[in-house]
Ligand code: NIG
Ligand code: FE
């Protein structure tokens, strides 16, 4: 006896190898997919007639910085007037501006300001969301941010996975050596002790941290049982992608300046490429990530909103599908794979992002004719229903 059968549907279970052939029904038991293609008359506590609607795995937003206070609208205006992201950061703005706002907010305020952003992602069909810290910088404020993320994880109807963004920006007046030592000796062990994150991330960039700093943090993170990911090649190529891939990270994210030798290292190490077209778009970058080369090499390409107050105030997975197609040239099925199975891989999970039997029953029901609709129409699309672990999200 199944808990639920949704029939008369077009269920696309898994975009791993392109757009799959749709099946007509999905059966759910105990919050998991138990079978695909069962007859409409199979025994179940509940039957739902989808009236021919499309069913997709719930979206997995595998890279966000949505837990923050304040906003940076002033910087957006300054960038439009010609000042660059790096210049704004050099003047003490950028990430440090949000660090000051987070310093002035308590845990409760952080939760209250961040929840509407999380709910915006959920309304468009996100059922798993990764959230990074990285706007605390001091041990106390990083822990405060991670505790706020843990509380966002109690929202219900969505799975939250927390990442400690260990190296994001250097605190005002601090030396890199001293700061990296503090992260390794103090903050990382405290994060692990309280089980506040499952993964560690580093911003490897000329305006942020070096390859050596990144590798030192990864070494300690792994000793403490945390997985690793990296922001690499967003604004320049420091060799971060290659070094991170060789060290065994789950993913390298951004990748605008990634080259052939970096892609070879990703292939050799099974690294996921996380593309972030929201940041590319908002920064009005001109160098696109090497999508054709990644595609030819068979590197899984994930997508994410990168939702953050500076470079990507984009609280819309659906906008990301569109931008990935129009700006980066992803096909519709690649874009949906990017927000489902490949994003799950970036999070080290194989039971989300697909609707194969045994997967979590996180799925969305759409009136759209096919996945191609998402890369065609921008705006005005909402799922008819979102199910999280087999339960309907009411919103
Ligand atoms: O992914 N690149 C670094 N981190 C964020 C931006 C953070 C910020 O500007 O607040 C990103 O783009
Ligand atoms: Fe980011």
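In my numbering, the protein residues as written are 12 to 406. Idealized CB from N, CA, C, for every residue including glycine. The structure displayed is predicted, hence computed values, not measured ones.
CB of residue 195 within 9 Å of CB of residue 228, strictly = The answer is yes: Cβ separation under 9 Å.
As assigned by DSSP and simplified to three states, the class of residue 119 = Residue state, collapsed to three classes: helix.
CB residue 335 to CB residue 266, shorter than 9 Å?
-> No. Outside cutoff.
Span of the alpha helix (DSSP H), counted from its first residue to its last, around residue 288 = It spans 288-293 - the alpha helix (DSSP H) in which residue 288 sits, taken as one unbroken run.
Is residue 104 buried or exposed, if buried means 16 or more other CB atoms sit within 10 Å of its CB?
-> Under a 10 Å Cβ-count criterion, residue 104 is classified as buried, with 16 or more other Cβ atoms of the shown protein chains found around its own Cβ.
Given 8 Å, three or more beta-carbon pairs between the region 106-117 and the region 78-92 | Judged by Cβ distances under 8 Å, the region 106-117 makes contact with the region 78-92, as three or more pairs qualify.
What is the DSSP secondary structure of residue 210, reduced to helix, strand or coil?
-> Reduced to three states, the DSSP call for residue 210 is strand.
Please list the segments of the alpha helix (DSSP H) lying wholly inside the region 209-287, counting only runs of 4 or more residues, in order along the chain.
-> Correct list: 222-234, 251-258, 271-280.
With DSSP collapsed to three states, give me the class of residue 99.
-> Correct three-state label for residue 99: helix.
Consult DSSP for residue 3 and reduce its assignment to one of helix, strand or coil.
-> Since the first and last residues shown for the chain are 12 and 406, residue 3 lies out of range.
Identify, in the order they occur along the chain, each residue of the same chain with its Cβ nearer than 6 Å to the Cβ of residue 355, setting aside the five sequence neighbours on each side.
-> Only residues of its own chain outside the window of five on either side were considered, and among them 71, 363, 364 have a CB closer than 6 Å to the CB of residue 355, listed in chain order.
Is the region 281-299 touching the region 308-315, taking contact as three or more C-beta pairs under 8 Å?
-> Pairwise C-beta distances place the region 281-299 in contact with the region 308-315, as three or more of them are shorter than 8 Å.
Does DSSP put residue 180 in a helix, in a strand, or in coil?
-> Note: residue 180 maps to coil in three-state DSSP.
Boundaries of the alpha helix (DSSP H) in which residue 337 is found, first to last residue | Counting along the chain, the unbroken alpha helix (DSSP H) around residue 337 starts and ends at 328-339.
Between residue 380 and the rest of its own chain, which residues show a CB-CB distance below 8 Å, the 5 nearest in sequence each way excluded?
-> Spatial neighbours of residue 380 in its own chain (CB-CB distance under 8 Å, excluding positions within 5 residues in sequence) are listed in chain order as 65.
Return the residue from the list 367, 323, 385, 357 that minimises the CA-CA distance to residue 344.
-> That would be 385, whose Cα lies nearest to the Cα of residue 344.
Pull up the DSSP beta-bridge partners for residue 141, would you.
-> For residue 141, the pairing in a beta bridge is given by DSSP as 172.
Any idea what DSSP makes of residue 30, helix, strand or coil?
-> DSSP places residue 30 in coil when its eight states are reduced to three.
Spatial distance of residue 242 from residue 337 (CA atoms) | Straight-line measurement puts the Cα of residue 337 at about 23 Å from the Cα of residue 242.
Spatial distance of residue 239 from residue 226 (CA atoms) | When rounded, the distance between both Cα atoms is 10 Å.
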